[in-house]
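*Asks:* Mind having a look at this structure? Questions to follow.
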Amino acid sequence: MIMLWINMAVALAVAVAMALMLSRLFAGPTLYDRVLATNSFGTKTILLLLVYGVLTGESAVTDIALLYALINFVATIAILKFFRYRSLEIALAQMSLRRAIGGGDDE
Amino acid sequence: MIDMIVTDPTLLIEYTLMAMLLAVGVAIVRLRDLFAVVMLLGVYSLLSAAWFVSLDALDVGFTEAAVGAGISTLLLLAAMLLTARSAEPVSAIRHWSAFAVALAGGAALFYAIGDMPAFGDPDAPANAYVGLQYLERTQADIGVPNVVTAVLASYRGFDTLGEVVVIFAAGLGVMLLLGMGGRKPRKDGEGEE
Amino acid sequence: MVELIAERFAYGVIIILMMTGLYAVVASANLVKRMVGLGLFQTSVFLLYITISKVLGGAPPILEYPFPATPDETVYSNPLPHVLILTAIVVGVATLAVGLALVVRIREAYGTIEDGAINEADYALDTERAGR
Amino acid sequence: MTPDALLSLALNAVSVALLAAGVVFVLAGAIGVLRLPDFYTRLHAAGVTDTLGAELIVIGLMFQTGWSLATAKLALAGFLIFLTSPTATHAVANAAHRAGLKPLLSRHQPAHPRLRAELEAAKKSEAENTIEAIETADKAGKPVRTGKGRAS
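Just so you know, the protein sequences line up as chains A, B, C and D, in that order.
Residues 257 to 363, numbered by the working numbering, are exactly what the first sequence covers, in order.
Residues 379 to 571, numbered by the working numbering, are exactly what the second sequence covers, in order.
Residues 9 to 140, numbered by the working numbering, are exactly what the third sequence covers, in order.
Residues 671 to 822, numbered by the working numbering, are exactly what the fourth sequence covers, in order.
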């Protein structure tokens, strides 16, 4: 019983850390702050689920945490891939240029 | 409420998740930087997936994490990059009329809350008949331990086929709108998921 | 009264979330943000269904395997809403993809995705046609 | 007290110690991400949370589950976090660096606005020359290398 409450305390502490990450996500002045906060938030969600799985003795929850770990990583890398260029304006300009070259036949 | 928490301490985690969901929802409405809005929708999906897990809906949490937090975030991000970076501020009259609409709808729904079954009530009409039958029969009929999978793929297999048709139609629609093949491929081509 | 509120607390939170989504749909002039509001509303409806299906002290609807010979007395949560929502999530992403494809086309045709500017462009086009 | 009960007590004690250490690291990292002044410093705080804090909590949980499938799953999750989190952090840092995000150069930022203003005024005169020199070098076409030189 006491281990259950200790695990609860750990889960709540992780939830507090999640809330702190959330406030960085709200405030984050640059785009990269937000990406960092989202990635870190995902890691903490995984931790919360792992603790929850041990807390309830439900080992299937751990599977979902595993899936989160993979999705979180892939999503972060994919987001960064969109912003690979030095700035978004260049990326957009390149895209519209490509559209102007390739999209000439749709008018 | 206190005795509910003592019988089921995991409710505490649910309450923290609810608080965070509310904060994220309000932030999505307030922010005008579309990148932040899209990231916050991903976080919202992740949080609701965690809530699904704590409400015993493991499969739903699984799908919501993969589809809601993964694919929709990427789709929205691609669309945002192809269109605009930030939203323009809304006029005061529009803000207040929308607020009035939300308030009226919310008031009507809150009025209806009294008729809802209590949270976690095993005798609620929604939990009494068909769901119980599925739980009792799955072992003999299908022999798959996961009841949700059994209902989705076997009892309700044709509905799932219909769902696949809907996804196919959506992919076709996206292709027709954005024009695959004849033009250069674009980032939004992931739309056929 | 207090008990009634306490037992239905989760529904109240979900209704507030839902109305946040509705506000985002009605108030946003930006079409991408409107789609985000739609997603918010959608996820809240999923939460409502799953909240109804929860049985207090219940287990996830995954039976013991290998199946026990005696009928097990475990209380499970209701699996039926889970199935419905599983379908709804996937269909929701499909509609989101179509909506976003429409938004991208609108941006290509009008050069903007703010609905006020789109209306003005339509109006200008109509008056031009009428004048010709 | 039987040996079994003693063993489980010892395992639980180790688990609690590891969990407590992990929670301290996670909370410290979260506060760091919230409070530190610029992106590159926040990266350090996030790194602490994602590796040390997460791993300590996962190992602490493994002590509670004993020898079972759940332990193997926890180990796999810990391994994945250990593998992916530093990679993701590196990717974010690399993207920010290549995008030309400048690290904060002043050594210390006082929290109080008046002190900060004084420090800014004092530093401005001496720092102006070097920053301008670097920015002209930036515009000359070698942004990545000068950025790296300044960060280290």
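The C-beta atom is built at its ideal place from N, Cα and C for all residues, glycine as well.
1) What does a CB cutoff of less than 8 Å around residue 517 of chain B pick up in its chain, not counting 5 residues either side in sequence?
2) What first and last residue would you give for the alpha helix (DSSP H) that runs through residue 90 of chain C?
3) Check whether the Cβ atoms of residue 434 of chain B and residue 52 of chain C lie closer than 7 Å to each other.
4) Helix, strand or coil for residue 520 of chain B per DSSP?
5) Can you pull the chain A neighbours of residue 432 of chain B, defined as C-beta to C-beta under 7 Å?
6) What residues of chain A sit near residue 719 of chain D, judged by a beta carbon separation below 8 Å?
7) Does any residue of chain A bring its CB to less than 7 Å from the CB of residue 551 of chain B?
8) For the alpha helix (DSSP H) containing residue 35 of chain C, name the first residue and the last one.
9) Flag residue 470 of chain B as yes when its Cβ comes closer than 6 Å to any non-hydrogen atom of the ligand NAP, and as no otherwise.
10) Out of C:23, C:50, C:42, which has the shortest C-alpha to C-alpha gap to residue 464 of chain B?
11) Whose C-alpha, out of B:520, B:475, B:473, is nearest the C-alpha of residue 532 of chain B?
12) Got a sec? Which residues, its chain only, sit under 6 Å from residue 321 of chain A by beta carbon, not counting five neighbours each side?
13) Helix, strand or coil for residue 411 of chain B, going by three-state DSSP, please let me know.
14) Using the C-alpha atoms, what's the distance from residue 767 of chain D back to residue 341 of chain A?
15) Could you name the residues that DSSP lists as bridge partners for residue 67 of chain C?
16) Do you know whose CA, among A:278, A:308, A:295, lies nearest residue 335 of chain A's CA?
17) Could you work out which residue in B:508, B:540, B:496 is closest to residue 64 of chain C when comparing CA atoms only?
18) Are any of the Cβ atoms in chain B nearer than 7 Å to that of residue 341 of chain A?
19) Following the continuous alpha helix (DSSP H) through residue 483 of chain B, name the residue where it begins and the one where it ends.
20) Would you say residue 288 of chain A lies against chain B (beta-carbon separation less than 7 Å)?
21) Could you check the C-alpha separation between residue 373 of chain B and residue 737 of chain D for me, to the nearest Å?
22) Pick out the complete alpha helix (DSSP H) segments inside the region 269 to 352 of chain A, 4 residues or longer, and give them in chain order.
23) Which of the three DSSP states is assigned to residue 678 of chain D in this structure?
24) Tell me, to the nearest whole angstrom, how far the beta carbon of residue 420 of chain B is from that of residue 28 of chain C; I am working on the premise that it is less than 8 Å.
25) Between the region 94 to 103 of chain C and the region 540 to 557 of chain B, can you find at least three pairs of beta-carbon atoms closer than 8 Å?
26) Counting only Cβ pairs nearer than 7 Å, list the residues of chain B close to residue 103 of chain C.
27) In chain order, which alpha helix (DSSP H) runs of at least 4 residues are fully inside the region 746 to 781 of chain D?
*Replies:* According to the structure data:
1) Your numbering for residue 517 of chain B matches position 139 in the second sequence. Around residue 517 of chain B: no qualifying Cβ.
2) Residue mapping note: residue 90 of chain C aligns to position 82 of the third sequence, counting from 1. For residue 90 of chain C, the uninterrupted alpha helix (DSSP H) run begins and ends at 87 to 118, by DSSP.
3) What you label residue 434 of chain B is simply residue 56 of the second sequence in a count that begins at 1. What you label residue 52 of chain C is simply residue 44 of the third sequence in a count that begins at 1. It is not a contact, given that the beta carbons lie outside the stated cut-off.
4) Here residue 520 of chain B refers to the residue found at position 142 when the second sequence is read from its first residue. The answer is coil: DSSP assigns residue 520 of chain B none of H, G, I, E or B.
5) The residue given as residue 432 of chain B occupies position 54 in the second sequence. Residues of chain A whose Cβ lies closer than 7 Å to the Cβ of residue 432 of chain B are, in chain order, 308.
6) Residue mapping note: residue 719 of chain D aligns to position 49 of the fourth sequence, counting from 1. Result: 273, 296, 299, 300.
7) Numbered from its first residue, the second sequence carries residue 551 of chain B at position 173. False, the Cβ-Cβ gap to chain A never drops below 7 Å.
8) As a first step, residue 35 of chain C is located in the third sequence; it is residue number 27 there, counting from the start. First-last of the alpha helix (DSSP H) with residue 35 of chain C: 17 to 35.
9) Here there are no bound small molecules, and the ligand NAP is not part of this structure.
10) Position 86 of the second sequence, counting from 1, holds the residue named residue 464 of chain B. Comparing Cα-Cα distances from residue 464 of chain B to each of C:23, C:50, C:42, the minimum goes to C:42.
11) Along the second sequence, read from residue 1 onward, the residue named residue 532 of chain B stands at position 154. Minimum Cα distance to residue 532 of chain B is reached at B:520.
12) Residue 321 of chain A sits at position 65 when you count from the first residue of the first sequence. Same-chain partners within the cutoff: 302, 305, 306.
13) The count along the second sequence starts at 1 and reaches residue 411 of chain B at position 33. Strand at residue 411 of chain B.
14) Position 85 of the first sequence, counting from 1, holds the residue named residue 341 of chain A. Position 97 of the fourth sequence, counting from 1, holds the residue named residue 767 of chain D. Reliability fails at residue 341 of chain A, whose pLDDT of 49 lies under 50, so the model's placement of it is uncertain and no value is given.
15) Residue 67 of chain C sits at position 59 when you count from the first residue of the third sequence. Residue 67 of chain C is bridged to C:84.
16) Along the first sequence, read from residue 1 onward, the residue named residue 335 of chain A stands at position 79. Selected option, being the one with the closest Cα: A:295.
17) Taking the third sequence and counting its residues from 1, one reaches residue 64 of chain C at position 56. Nearest C-alpha to residue 64 of chain C: B:496.
18) Mapped onto the first sequence, residue 341 of chain A falls at position 85. Note that residue 341 of chain A scores a pLDDT of 49, beneath 50, so its modelled location is shaky and nothing firm can be said.
19) Residue numbering aside, residue 483 of chain B sits at position 105 when the second sequence is read from its first letter. Its alpha helix (DSSP H) spans residues 470 to 490.
20) Counted from its first residue, the first sequence places residue 288 of chain A at position 32. Output row for residue 288 of chain A: interface = no.
21) Here chain B comprises residues numbered 379 to 571, so residue 373 of chain B is not present and cannot be evaluated.
22) 287 to 312, 316 to 338
23) Against the fourth sequence, residue 678 of chain D aligns to sequence position 8. Correct three-state label for residue 678 of chain D: helix.
24) As a working note, residue 420 of chain B is residue 42 in the second sequence. As a working note, residue 28 of chain C is residue 20 in the third sequence. Contact flag wrong, Cβ pair sits at about 16 Å.
25) Yes, since at least three Cβ pairs between the region 540 to 557 of chain B and the region 94 to 103 of chain C fall closer than 8 Å, the two stretches touch.
26) Here residue 103 of chain C refers to the residue found at position 95 of the third sequence. Within chain B, the residues near residue 103 of chain C are 548.
27) none
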